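J.: A single structure is presented below for examination.
2 protein chains.
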Amino acid sequence: MFMDIDSALSHVKKVLAEVRVYNHACATLSFDQETICPSKAMQEQGEVSAFLSNKAFTLQKDEKYLAACRYVHMHRDELTNDFDRALEESLYRDYIREKNITPAMQHEASLIYNRAYVNWLNAKKAKDFSIFAPSLKEVRDISLRDVQLNEKRKPLAYDTIFDGYERGLTSADLDATFNKCKERLVPLLKKIVASKKKIRTDFLSRIVTDEAQTKMSRYLLETMGFDFERGAFTTTEHPFTSELGKNDVRVTTHYYPNMFYSSMFSIIHEGGHALFEQNQPNENFEHFIEYNKTMGMHESTSRFYENRIGRSKEFIHLIYPKTCELFPEAMHDVSEQEFYEAMNTVSPSLIRTEADEFTYTFHVIIRYEIEKMIVDGGVEIADLPRIWNDKYEEYLGVRPSNDAEGILQDVHWSSGFGYFPTYALGNMYNAMYYNKMREDFDLDAAVLAGDFKQINGWMTENVWKCADRVDPKTWIKGITGRDFTPDDFLDYLEKKYSEIYEL
Amino acid sequence: MFMDIDSALSHVKKVLAEVRVYNHACATLSFDQETICPSKAMQEQGEVSAFLSNKAFTLQKDEKYLAACRYVHMHRDELTNDFDRALEESLYRDYIREKNITPAMQHEASLIYNRAYVNWLNAKKAKDFSIFAPSLKEVRDISLRDVQLNEKRKPLAYDTIFDGYERGLTSADLDATFNKCKERLVPLLKKIVASKKKIRTDFLSRIVTDEAQTKMSRYLLETMGFDFERGAFTTTEHPFTSELGKNDVRVTTHYYPNMFYSSMFSIIHEGGHALFEQNQPNENFEHFIEYNKTMGMHESTSRFYENRIGRSKEFIHLIYPKTCELFPEAMHDVSEQEFYEAMNTVSPSLIRTEADEFTYTFHVIIRYEIEKMIVDGGVEIADLPRIWNDKYEEYLGVRPSNDAEGILQDVHWSSGFGYFPTYALGNMYNAMYYNKMREDFDLDAAVLAGDFKQINGWMTENVWKCADRVDPKTWIKGITGRDFTPDDFLDYLEKKYSEIYEL
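Shown next, in the form of structure tokens:
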């Protein structure tokens with residue numbers, strides 16, 4: 000059917016351009032569902048999405064398209080640049096994963112995920128896991144079915160799924176990493192909780208209007224270098240970042256009147272994701288390199304801005320005056336040092352997205368351990384709320400009083416499993432490249448001066464343009480010269496929090 | 000190909016169900032463009048829309064579908080209910096209008112309209128008509144091309160186009176109607192302007208926050224009976240109503256801090272459109288009766304709520320306490336009578352959407368006269384700003400100082416011509432059925448009591464469920480027993496404003 004690599008590759012790209020159009024529409028529909036779609040319209044909107052994503056899926060099941068993909072794969076030695084090689088690798092991977100999945104199966108899955116999302120919303124509102132439980136079972140079953148249909152599946156279903164988020168890493172890597180975390184962080188957390196250091200937190204619950212918080216969000220995004228002509232921000236229940244198109248990256252946040260700092264760090268976090276997308280090189284778009292080999296790389300960025308930059312003494316110094324100006328009622332009697340310490344309080348708590356930098360990793364470990372039980376452990380779905388609550392009590396000494404602040408707090412499981420560990424890996428990746436960055440230029444001086452051009456320039460070169468070009472282990476070794484390790488992250492936590500809590 | 004009416008009709012409906020999915024996606028994309036889409040993403044978003052609307056168009060060009068439509072048309076006597084008969088009529092009409100338009104032509108038109116919208120935005124921002132002029136030429140040319148391709152076109156291109164909005168009415172009807180308006184309203188306007196009556200308006204420019212105006216918008220929509228589970232509201236530059244799906248009707252508004260009443264009447268207007276959509280009978284959805292035979296009927300609803308209800312003494316009495324409560328800084332020293340008179344001030348001005356009920360008709364007449372010149376009059380596009388400004392000076396005694404407050408103020412011409420007269424017709428239709436409604440029940444008492452169930456029930460029965468079932472002349476005669484006339488509307492204006500201005 001195809002006689003040369005150019006015509007095969009050009010057919011592939013023609014089809015992918017059309018797939019991208021459907022994906023753009025689906026991303027817009029999904030953004031709409033999360034931001035403004037009325038409750039009784041969710042079902043219909045979800046059906047429209049399912050229809051369009053099925054069209055995209057069907058395009059990639061076309062015989063001529065598949066023949067072109069096979070031709071490109073068999074003649075991959077003739078490809079002339081790294082971008083096309085990265086595309087080929089990702090296409091072949093998708094091909095293997097999806098070759099046994101029919102459009103009808105994919106359509107069924109879309110409907111299940113959409114129903115699960117709606118049921119999750121309702122369950123969370125009613126604080127009742129049993130409303131979500133049947134959907135969670137369906138999501139588990141469809142995930143396991145897809146694993147079964149994957150010819151290159153690994154012995155553990157979880158590893159097959161997780162490889163889609165973090166290529167080349169397995170649950171063995173995660174177990175080793177998280178065990179190290181537990182070994183070093185559990186005793187340290189005990190010391191912190193027992194510390195006599197008093198951190199002032201009274202002002203944190205002072206009321207700040209949505210309007211003032213909106214101004215702060217805009218200021219923070221501007222400071223970071225977010226491009227408002229190619230992006231937007233608004234509010235949602237659960238903050239997220241969405242790339243609708245090449246020039247359209249959106250972030251959302253949530254304003255709590257009595258937790259003004261919450262939206263600040265949420266917007267810095269999502270702003271980090273957005274910078275990743277807004278600074279993708281044009282070549283990645285032209286070559287359809289859109290399927291990340293490492294979501295941990297993405298999370299490393301958002302958590303780099305949120306924690307390594309955002310909660311640093313230098314950044315707090317930079318934004319302290321503006322914070323006092325925009326939130327005078329909350330900040331009028333708060334010193335810069337008090338503000339810094341309050342933004343770095345360690346306090347075991349129930350909600351992951353509100354967790355402090357130190358205890359955050361425990362939230363991830365709990366989810367990871369439960370995911371594994373769901374996927375490979377044959378656990379009873381009905382038992383999960385109890386298991387969840389027990390783990391919170393064991394690791395953090397706190398116990399949810401209802402499912403909304405327990406197992407229902409996160410949306411993720413309405414669309415599958417395996418994402419959570421990438422949050423923790425992100426912290427570990429950025430701890431490694433943070434140390435390298437400091438060797439390359441005076442990072443503290445740049446933050447103090449609000450010079451995000453220099454910081455974002457380094458990130459573009461070493462992080463963002465690597466997206467989907469290499470697997471995470473190769474990437475992190477390539478830019479730091481060292482093998483992946485959680486030690487940099489654990490050393491950082493130990494040093495920073497020993498100082499703050501005067502241990 | 001088809002042997003019986005049932006299978007032909009069922010094939011038609013199957014295709015239309017798919018068309019509806021594409022239309023739903025396009026409506027969502029368009030809503031997104033108007034509300035949050037970043038500037039540099041507009042082009043890409045527009046291309047996605049054009050692609051999807053072309054898919055919908057192509058479905059309706061399919062040979063089997065067209066054969067089914069033709070079969071249904073030829074065997075229309077066998078149809079068993081009015082809904083299917085209305086569908087058949089509208090399909091046949093679309094068929095005639097579009098049979099000579101290829102998918103490629105339709106795609107070209109989509110791109111032109113999208114480009115025109117973006118250029119209009121930029122031109123309005125720059126207050127410079129010359130930025131929009133090339134697009135306006137393109138829109139005119141594509142409109143005339145579509146008229147040429149319509150085998151049942153009328154002698155005047157304008158009449159062919161206008162028939163798509165108001166079936167059975169022509170520019171001869173409009174000329175006669177508008178001449179009557181000019182005859183009666185011009186002398187009356189002179190008397191009003193010369194009147195010695197002092198209406199207090201100082202408080203109208205007092206500052207009211209967006210937050211308070213948002214609360215007012217919600218209160219007004221709730222009062223009217225808007226269903227928030229099947230609808231939403233947000234802000235846009237140019238307020239509009241959009242029906243995305245059966246359970247998804249959205250209205251938008253615009254907050255000016257120094258014109259609090261502007262968003263109030265804008266939300267009541269759009270709320271009227273929304274009630275029309277939210278109260279469509281289920282059968283209209285099931286039978287795909289979605290192409291209105293009269294947009295004037297739609298506008299009659301929005302303007303009924305905005306003016307006949309919204310600016311009445313009874314409604315002002317109903318909402319006066321809440322207005323004082325939500326806008327204390329603006330309303331603390333304003334009596335109910337002062338508020339009523341201020342909401343009914345006649346003041347010739349430049350902006351249609353801000354115009355008072357009395358001078359509004361002149362804004363429409365000006366646009367109608369210019370539209371006719373564009374479509375059938377061979378006018379030079381470059382001359383339009385001058386013509387526009389001259390007409391404002393002639394009819395209203397005011398002259399725009401730039402294009403943004405002149406010819407660029409409305410978005411409509413970026414997607415074609417012929418809509419404006421339906422606003423004025425809407426006023427005339429509702430003046431006729433308002434009088435009938437008063438015969439049927441005590442409307443004043445219902446408004447005073449905030450009993451919108453009764454009002455909306457009457458409207459459902461006599462207006463909303465007639466959508467696309469009859470042409471406007473038949474409809475208005477059917478519910479009032481009288482032929483269409485602007486007299487009821489002119490009588491109403493004369494009586495109301497003679498009283499307010501003590502003429």
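From first to last, the protein sequence lines stand for chains E and C. Counting along the first sequence from 1, when you hit position 37 you're at 36 in numbering that gives the first Met the number 0, and nothing is skipped either side. Counting along the second sequence from 1, when you hit position 342 you're at 341 in numbering that gives the first Met the number 0, and nothing is skipped either side. For each residue, glycine too, the CB sits at the ideal point set by N, CA and C. Source: prediction; values computed, not measured.
#1: Would you please verify whether the beta carbon of residue 245(E) is less than 8 Å from any beta carbon of chain C?
#2: Going by the CB atoms, is the gap between residue 205(E) and residue 328(E) shorter than 8 Å?
#3: With C-beta atoms as the reference, is residue 403(E) less than 8 Å away from residue 123(E)?
#4: In chain E, which residues lie with their C-beta within 7 Å of the C-beta of residue 27(C)?
#5: Give a yes or no on whether 8 Å exceeds the smallest Cβ distance from residue 221(E) to chain C.
#6: Which residues in the same chain have their Cβ closer than 6 Å to the Cβ of residue 75(E), if we skip the five residues on either side of it in sequence?
#7: Counting Cβ pairs closer than 8 Å, one from the segment 423–431 of chain E and one from the segment 129–144 of chain E, do we hit at least three?
#8: Whether or not the segment 300–307 of chain C and the segment 247–257 of chain C are in contact is what I'm after, with contact meaning three or more pairs of Cβ atoms, one per stretch, closer than 8 Å; do they touch?
#9: Would you report the Cα separation of residue 253(C) and residue 121(C), rounded to the nearest angstrom?
#10: Run the CB neighbour count on residue 28(C), radius 10 Å, all protein chains shown included, and call it buried at 16 or more, exposed below.
#11: If you draw a straight line from the C-alpha of residue 186(C) to the C-alpha of residue 359(C), how long is it?
#12: Can you tell me whether DSSP reads residue 241(E) as helix, strand or coil?
#13: Name the two residues that bound the continuous beta strand (DSSP E) containing residue 247(C).
#14: At the 8 Å Cβ level, is residue 230(C) part of the contact set with chain E, yes or no?
#15: Which bits of chain C does residue 38(E) rub up against, with CB to CB less than 7 Å?
#16: Mind checking which residues open and close the beta strand (DSSP E) that includes residue 232(C)?
#17: Is any beta-carbon of chain C found at less than 8 Å from that of residue 286(E)?
#18: Measure the C-alpha to C-alpha separation of residue 505(C) and residue 314(C) and round it to an integer number of angstroms.
#19: Locate the alpha helix (DSSP H) running through residue 30(E), then write down its first and last residues.
#20: Which residues, taken in chain order from the segment 106–120 of chain E, show a beta carbon closer than 9 Å to some beta carbon of chain C?
#21: Only counting the same chain, and skipping five residues up and downstream in sequence, which positions put a Cβ closer than 6 Å to that of residue 502(E)?
#22: Taking Cβ-Cβ distances shorter than 7 Å, what residues in chain C pair up with residue 35(E)?
#23: Does any CB atom of chain E fall closer than 8 Å to the CB of residue 504(C)?
#24: With the cut-off set at 8 Å, would you say residue 407(C) and residue 119(C) are in Cβ contact?
#25: For residue 243(E), tell me which candidate among 37(C), 270(C) and 455(C) has the shortest Cα-Cα distance.
#26: Among 364(C), 53(C), 428(C) and 438(C), which has the Cα closest to the Cα of residue 483(C)?
#27: Can you give me the start and stop residues for the alpha helix (DSSP H) that residue 42(E) sits inside?
#28: For a quick check, are the C-beta atoms of residue 64(C) and residue 10(C) less than 8 Å apart?
#29: From residue 439(E) to residue 456(E), what does the alpha carbon distance come to, in whole angstroms?
#30: Does residue 43(E) get closer than 8 Å to chain C when you measure Cβ to Cβ?
#31: In or out: residue 298(C) buried (at least 16 other Cβ within 10 Å) or exposed?
#32: Decide yes or no for the touch test of the segment 360–375 of chain C against the segment 154–164 of chain C: beta carbon pairs closer than 8 Å, at least 3 of them.
#33: Taking its Cβ as the centre, do 16 or more other Cβ atoms sit within 10 Å of residue 47(E), making it buried, or is it exposed?
#34: Using 8 Å as the threshold, is the C-beta distance between residue 21(E) and residue 54(E) below it?
#35: Examine the Cβ distances between the segment 97–115 of chain C and the segment 391–400 of chain C and report whether three or more of them are shorter than 8 Å.
#36: Applying a beta-carbon distance threshold of less than 7 Å, which residues of chain E neighbour residue 50(C)?
T.: Answer, in terms of the structure:
#1: yes
#2: yes
#3: yes
#4: 27, 28 and 31
#5: Judged by the 8 Å Cβ criterion, residue 221(E) is not in contact with chain C.
#6: 87
#7: no
#8: no
#9: Going from the Cα of residue 253(C) to the Cα of residue 121(C) covers about 19 Å.
#10: It counts as buried.
#11: Roughly 15 Å separates the two Cα atoms.
#12: Residue 241(E): strand per DSSP, three-state reduction.
#13: 247–252
#14: yes
#15: Chain C residues near residue 38(E): 228.
#16: 230–234
#17: no
#18: Since the first residue shown for chain C is 0 and the last is 502, residue 505(C) is missing from the structure and cannot be characterised.
#19: 4–34
#20: none
#21: 190.
#22: 231 and 233
#23: The question about residue 504(C) has no answer, for chain C in this structure spans 0 to 502.
#24: Yes, these two residues count as a Cβ contact at 8 Å.
#25: 37(C)
#26: 428(C)
#27: 41–58
#28: yes
#29: 12 Å
#30: For residue 43(E), the answer is yes, since a Cβ of chain C falls inside 8 Å of its Cβ.
#31: buried
#32: yes
#33: buried
#34: yes
#35: no
#36: 20
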